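Report on the following structure.
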């Protein structure tokens, strides 16, 4: 079996707007997809969510995506996962992909936490047998105790995130596409989650991680990519890219985290 890889060349993702006069519709599309308004080759008004995306990732690459909300980070993850097809250019992904965009996707509020562990695992490409073997370990990590026998609708937001995080970080993907969504847990559990995320990243062949947490990016990624209005504005080292995007204070913090990580602290 060949190693996993990702290759895109001049890839665009465009969403047609058939009633260009409807201002609210345009705003809704822009808010969700990012990018800019333009016209495609058929002269149809479109949201240019991604434009001229060219990238090549191989085994061992860990890339962090930075950029403002609506810049196109999530759209890029969906392109790489195959959810979106490029409307121009090409996108080739070789390997078993684990798309982790919304921690709540694939979970049923009417069934128990234990049952949701299985369902969520199936959604991420695991088999029922694989997930049954992981249930006890996931349950221990979540610290949800008796709540695991109760319907998901009885959970707080933080409890749901714990459960989803436990499942997501138990898999062994060749290509991990991760969109941050762990802000609703307490600080102590967040430390635990960081350690588990680190282990997940080490098991994955390729990581593409969209995050607003520079600390997470510094701990989990090797390089960074700045997405701005649907285009790749800059790629390079994490400190360099974060510094260009957010300024010297953010770059200094990234450097401190990188130094801590190098020391193993």
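In full-length UniProt numbering, the protein residues as written are 1 to 265.
All residues carry an ideal CB built from backbone N, CA and C; glycine is no exception.
Bear in mind that the values here come from a model prediction, so they are computed numbers and not experimental data.
Closest to residue 275 by CA distance: which of 45, 66, 74 and 167 is it? Any question about residue 275 goes unanswered here, given that the chain covers just 1 to 265.
With a floor of 3 residues, list each beta strand (DSSP E) that falls wholly inside the segment 190-227, ordered by position along the chain. 206-210
For the 8 angstroms Cβ check, are there 3 or more pairs between the segment 54-65 and the segment 210-227? yes
Measure how close the beta-carbons of residue 53 and residue 11 come, nearest whole angstrom, since I'm counting them as under 8 angstroms. 4 angstroms
Give every residue of the same chain whose Cβ lies closer than 7 angstroms to the Cβ of residue 243, excluding the five residues on either side of it in the sequence, and list them in chain order. 250 and 251
Distance check for residue 50 and residue 71, CA to CA, integer angstroms please. If I take the Cα positions, the gap works out to 9 angstroms.
Do residue 95 and residue 4 have their CB atoms nearer than 8 angstroms? yes
For residue 71, three-class secondary structure by DSSP: coil
Residue 230 and residue 48 closer than 8 angstroms at C-beta: A contact, by the Cβ cut-off of 8 angstroms.
Would you mind stating whether residue 152 and residue 109 have Cβ atoms separated by less than 8 angstroms? Result yes, Cβ atoms of residue 152 and residue 109 sit closer than 8 angstroms.
Closest to residue 215 by C-alpha separation, out of 136, 258 and 247, would be which residue? 258
Going along the chain, which residues of its own chain have a beta-carbon closer than 7 angstroms to the beta-carbon of residue 138, five neighbours each way excluded? 117, 166, 167 and 170
Collapsed DSSP secondary structure at residue 163 in the structure displayed: helix
Cut-off 7 angstroms between Cβ atoms - residues of its own chain near residue 142, not counting five sequence neighbours on either side: 162, 163 and 166
Straight-line CA distance for residue 263 to residue 253? In this structure, the CA atom of residue 263 is about 15 angstroms from the CA atom of residue 253.
Candidates 113, 146 and 147: closest to residue 131 by CA position: Distance from the Cα of residue 131 is smallest, within the candidate group 113, 146 and 147, for 113.
Using the Cα positions of residue 78 and residue 86, report the straight-line distance between them to the nearest angstrom. 10 angstroms
Just confirm the distance between the C-beta atoms of residue 105 and residue 123, as a whole number of angstroms; I'd bet it's less than 8 angstroms. Right, their Cβ atoms sit about 7 angstroms apart.
Spatial distance of residue 188 from residue 140 (CA atoms): 15 angstroms
Using 8 angstroms as the threshold, is the C-beta distance between residue 210 and residue 179 below it? yes
Where do the N-terminal and C-terminal ends of the alpha helix (DSSP H) with residue 150 fall, by residue? Looking at the DSSP string, residue 150 is not in any alpha helix (DSSP H), and its letter there is neither H nor E.
Let me check one thing: in DSSP terms, what residues is residue 236 bridge-paired to? 224
Provide the residue(s) that pair with residue 88 in DSSP beta bridges, ordered along the chain. 12
Taking just the CA atoms, how far does residue 37 sit from residue 146? When rounded, the distance between both Cα atoms is 50 angstroms.
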